[in-house]
Structures are given as structure tokens and as C-alpha cells.
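The structure appears right after this line, and notes come after that.
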DNA sequence: GTCTATAACTCGATAGAC
DNA sequence: GTCTATCGAGTTATAGAC
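Protein chains in written order, with my numbering: chain A, 1 to 205; chain B, 1 to 205.
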């Protein structure tokens with residue numbers, strides 16, 4: 001009995017891990033149930049035993065992936081820390097997380113663009129991240145004359161762009177700038193500090 | 001005879017336009033020959049009459065799309081203009097072009113991530129954009145003490161990120177910041193000036 | 001729970017009439 | 001050059017034995 005339960009959980013986890021790997025790399029359309037079965041070391045029939053069909057399996061993976069990728073914004077921006085600390089921790093933690101899952105941004109953004117409304121709903125389940133606190137802090141800084149007036153939307157876009165895009169544009173950037181995988185990762189490590197510094201330099205009076 | 005030629009050209013152009021629309025939106029894997037035929041107002045057989053197979057048709061579209069999207073870097077960065085002008089024209093022209101083809105960045109980056117080596121080859125055909133002039137100008141500015149010391153790779157990444165990413169992350173950004181399509185486009189229009197300003201503020205001493 | 005075998009279906013591609 | 005009809009490969013999904 002114990003053995004049975006262990007096997008169940010083990011197989012299901014193996015499937016989820018395999019499915020994540022394959023879906024994230026190839027996308028919903030490009031992924032094959034056979035690939036996932038192979039990766040998990042089982043056969044196709046067993047996939048359908050655990051998850052009725054491809055779509056159900058995909059949704060599980062997507063929800064988990066996007067749920068890890070997107071709402072992180074929430075946690076950081078809503079935290080009880082100062083304006084500068086928020087920017088620093090956002091850049092540091094985001095880049096860190098993506099370095100461990102380099103294909104995640106492309107995967108999530110791509111599927112999101114194909115089915116915007118449906119996917120957004122699944123991710124946020126009605127509770128969008130509340131930016132008002134962060135924006136409020138920004139406006140205070142502006143009022144106090146410590147930073148230049150800048151529209152919050154642009155600052156947020158700039159920050160997210162500089163953290164996420166390098167991973168999406170990696171093949172192009174690597175080719176254009178002629179850098180190796182190791183050099184790329186080194187550069188990303190640098191960016192955990194370089195991006196917030198760039199932002200502060202841009203906005204500080 | 002005139003009529004025949006007109007019909008040929010007309011159909012081929014209709015197919016290419018339809019294929020671009022479908023491929024760019026759904027990607028190589030997600031696109032269906034039937035979708036393209038429908039979009040072009042013809043049937044599948046005729047697609048294969050004009051383009052032997054799906055791959056040939058895709059390559060034509062991809063080459064044209066990426067060829068428009070990527071080498072623009074080249075032209076601007078190699079131009080005979082000053083350091084600041086280059087940054088301004090890059091941001092302005094790039095954002096402008098992408099506003100007219102909002103799905104292009106996602107499409108190109110996505111296919112590029114699936115087949116990096118092969119696709120890079122197709123796009124650049126051996127002549128990568130030469131960044132040395134731009135980098136040289138940047139180093140002069142640093143030496144002259146007009147801008148802060150910053151690694152060229154990071155500056156280039158920042159610039160491209162802030163120009164391109166908003167279009168890739170559009171569904172997420174729109175949702176998170178609660179903005180409409182119109183507001184999004186207005187914001188992008190603003191960015192043609194706001195991004196270079198942000199960059200100058202960040203690097204200028 | 002897990003497997004083999006196969007049904008059911010999707011989709012790219014071709015044959016052949018007009 | 002354009003169409004209808006259909007084939008055949010590749011995939012998802014199910015049946016049924018163990």
C-alpha cells in the first residue's frame with residue numbers, strides 16, 4: 001500500500017516534470033505526447049491515464065509556469081519596503097529566477113499572445129497585482145524632488161523589459177554581440193546590480 | 001495574357017500576405033495550411049501549386065520578416081552620425097517599425113529560439129552587424145568624461161529591451177497595468193522619445 | 001498502474017478533372 | 001491556374017490484457 005502511493009506520486013511528478021520541460025521548450029503546438037512520455041520514461045497511454053488529454057496537461061503546466069513567472073511582481077511591489085529597495089529586489093530576484101528557468105519567459109509570453117484573455121484569467125484568477133503602493137511611493141519621491149518626474153507605466157515597462165528581454169532575445173543578442181553561453185550568463189549575473197543602477201542613474205535628480 | 005499574369009501575381013501576393021498574417025500570429029507549428037488558404041480566399045491545393053510545401057512558404061515569410069526586423073540594427077548603428085543621434089534614431093525608427101508590425105518581434109524571437117543556428121544564418125547570411133563603430137563612439141564619450149563608464153553590451157541590451165519588449169510582453173503589461181489597446185499605442189508613441197531620454201539621463205555625467 | 005495494440009483524427013501533400 | 005477528392009504520415013486518444 002505504501003509502495004503503491006509512492007509509485008503514484010512518483011509517476012505523476014515525473015510526468016509533470018517531463019511535460020514542463022517539453023512544453024516550455026517546444027510550446028503547446030510543437031510538443032508531442034510521445035516526447036513527454038519518453039522524457040518521463042513511460043508510455044503515452046499512461047499520460048492519458050493521469051491527465052485525460054494534452055490540453056489538460058498543458059493547462060496544468062502553463063498555470064504553474066505563469067503562476068511562478070508573473071505574480072512575483074505582486075509579492076515584490078506590494079512589500080513593505082522603500083522605493084529603491086523594491087526596484088533592487090525586483091531586478092535581483094527576477095533575473096535570478098529567470099536564470100534558473102531561461103525558457104520560461106518566452107514560453108509564457110508566447111502562449112499569452114495566442115490566447116490573451118483566457119490565459120490572463122487563468123493566471124490571475126481575478127486578482128491583478130496592485131501597483132498602487134509602488135506608484136504611490138514613486139509619486140512621493142517625485143514630489144519630494146528626489147527623482148525626476150516620469151510616468152510610472154514607463155518606469156515599470158523599462159524595469160521589466162531590461163530584466164526579462166535578454167532571455168527572450170538571447171539568440172539574437174548572442175549573435176549580434178558575438179558572446180558565448182558563459183559570457184551571456186556572466187552578463188546576466190552582472191545585470192542583477194547593473195539594471196537597478198541604470199534605473200537609479202536615470203531617474204535620480 | 002495580360003489577364004493571366006495579373007492573376008498570377010495577384011494570387012501569389014495574396015498568398016504571401018495571408019501566410020505572413022497566419023505564420024506571424026500562430027508560428028510555424030501552430031499555423032495550418034487551411035488557415036492560410038482561407039485567409040487568402042483560395043484552397044489548399046493552390047498553395048502547394050505556388051509553394052511546394054509548408055516549409056518553403058514559411059522560410060519565405062520568415063526571411064522577409066526577420067530581414068526587416070533584425071538588420072535594421074545594422075543600418076542605424078553603422079550610420080555616419082553622432083553617438084546620441086544613433087540612440088535617438090534607433091529607438092525612434094525601431095519602435096515606429098514595430099508599431100506597424102506588433103506581432104513581428106514575438107514571431108522572430110520565438111522561431112529563433114527553436115532553431116538558433118539555422119535561423120541566424122538565414123537572417124544575416126554571414127555578415128553580422130558591425131557594432132564596433134558605435135562602441136568606439138561610446139568609448140570616446142566615456143574617455144572624454146561626458147558619459148559614465150558602462151559596458152557597451154549592457155547599454156545595447158538595455159536599449160533593445162526597452163524598445164522591443166513592450167510588444168512581446170504586451171498582454172501581460174496590459175493586464176498588470178490595466179491599460180487598453182489605445183492607451184498602449186499612445187504609450188508606445190511616447191516611448192519613441194521617452195526611451196532615449198531615459199538612456200541619456202542614465203549615462204550622462 | 002502500466003503496458004501493447006489499435007482506433008480515430010488531423011493535416012500536409014498529391015492526383016486528376018476542368 | 002484553380003478546383004474537388006483523396007491518400008498517407010504522423011498524433012492524440014482509447015480498448016483491453018496483465
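Ideal placement from N, C-alpha and C gives every residue a C-beta, glycine not left out.
_Any C-beta of chain A under 8 Å from that of residue 110 of chain B_ = yes
*Cα separation between residue 13 of chain A and residue 142 of chain B?*
Taking the straight line from one Cα to the other gives about 53 Å.
_So, with DSSP's three-state summary, where would you put residue 170 of chain B?_
helix
*Report buried or exposed for residue 170 of chain B, applying the criterion of at least 16 other Cβ atoms within 10 angstroms of its Cβ.*
buried
*By Cβ distance below 7 Å, which residues in the same chain neighbour residue 10 of chain B in space, the five residues on each side in sequence not counted?*
There are no such residues.
*Indicate whether at least one CB of chain A lies closer than 8 Å to the CB of residue 196 of chain B.*
no
*asked:* Assess contact between the stretch 88–102 of chain A and the stretch 38–58 of chain A, defined as three or more Cβ pairs (one per stretch) separated by less than 8 Å. Is contact present?
replied: no
*Look at residue 18 of chain B and residue 45 of chain B and say whether their C-beta atoms are less than 8 Å apart.*
no
*Could you name the residues of chain B that residue 202 of chain A contacts, counting a contact when the two beta carbons are closer than 8 Å?*
Listed along chain B, the residues sitting closer than 8 Å to residue 202 of chain A by beta-carbon distance are 198, 199, 201 and 202.
*Reference residue 124 of chain B, options B:133, B:104, B:138 and B:75, closest by Cα*: B:75
_For residue 78 of chain B, three-class secondary structure by DSSP_ = helix
*Less than 8 Å separating the beta-carbons of residue 93 of chain B and residue 72 of chain B?*
yes
*Rounded separation between residue 109 of chain B and residue 146 of chain A - CA only*: Cα to Cα, the separation comes out at about 38 Å.
*Are the C-beta atoms of residue 2 of chain A and some chain B residue less than 8 Å apart?*
At residue 2 of chain A, the pLDDT of 35 sits below 50, so the modelled position is not reliable; the number obtained from the coordinates is stated separately. So, not an interface residue.
*List the endpoints of the continuous alpha helix (DSSP H) containing residue 35 of chain A.*
33–40
*asked:* Please state the DSSP three-state secondary structure of residue 191 of chain B.
replied: helix
*Any Cβ of chain B within less than 8 Å of the Cβ of residue 5 of chain A?*
With a pLDDT of only 39 at residue 5 of chain A, under 50, the local geometry of the prediction cannot be trusted, and the value read off the model is given with reservation. So, not an interface residue.
*Compare the C-beta of residue 193 of chain B with all C-beta atoms of chain A and state if any pair is closer than 8 Å.*
So no, residue 193 of chain B is outside the interface.
_Using the three-state DSSP reduction, which class does residue 68 of chain A fall into: helix, strand or coil?_
In the structure shown, residue 68 of chain A sits in a helix (DSSP, three-state: H, G or I).
*Specify, as a first and last residue, the run of the alpha helix (DSSP H) that residue 45 of chain A falls within.*
44–50
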